[in-house]
Amino acid sequence: MAETDLDKARRRLDKEFQDVRRYLDDVRNAFADVERAGPEDDLYDLLGKLEKAVHEAQTGGFIGSGAHGHRRALQEYRKLKG
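With my numbering as the guide, the letters of the sequence shown map in order to residues 93 to 174.
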């Protein structure tokens with residue numbers, strides 16, 4: 093059976109979703125570091141690391157497309173699904 097454009101779009105959507113999920117581990121770890129911080133920890137630095145992790149989840153860092161890629165794949169899938 094031939095793969096339809098909708099099938100291809102769904103496969104791409106699933107791939108993009110899984111790619112973003114991998115970044116969420118870094119976001120959770122950075123957030124946990126902020127939560128565990130005490131009065132003698134550098135909150136500014138910890139929040140900067142959290143911000144960087146969130147940014148990479150959104151953009152995909154150097155090689156990925158992150159949540160932006162997922163958004164584009166989702167829009168294409170919804171358009172084809174109708």
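All residues carry an ideal CB built from backbone N, CA and C; glycine is no exception.
- Message: Helix, strand or coil for E143? Go by DSSP, reduced to three states.
- Response: What you label residue 143 is simply residue 51 of the sequence shown in a count that begins at 1. Correct three-state label for E143: helix.
- Task: Have a look at A101 and R113 and give me their C-alpha separation to the nearest angstrom.
- Result: One-based indexing of the sequence shown puts residue 101 at position 9. One-based indexing of the sequence shown puts residue 113 at position 21. Cα to Cα, A101 sits roughly 18 angstroms from R113.
- Query: Which residue comes first and which comes last in the alpha helix (DSSP H) that contains F123?
  - Reply: In the sequence shown, counting from the first residue as 1, residue 123 sits at position 31. F123 -> alpha helix (DSSP H) spans D97 to R128.
- Query: In terms of residue numbering, what span does the alpha helix (DSSP H) encompassing E168 cover?
  - Reply: Locating residue 168 in the sequence shown gives position 76, where the first residue counts as 1. Start and end: G158 to K173.
- Query: Grouping DSSP H, G and I as helix and E and B as strand, with all else coil, what is D133?
  - Reply: In the sequence shown, counting from the first residue as 1, residue 133 sits at position 41. Coil at D133, not helix or strand.
- Query: Per DSSP, what kind of secondary structure is A149 in: helix, strand or coil?
  - Reply: In the sequence shown, counting from the first residue as 1, residue 149 sits at position 57. Three-state result, A149: helix.
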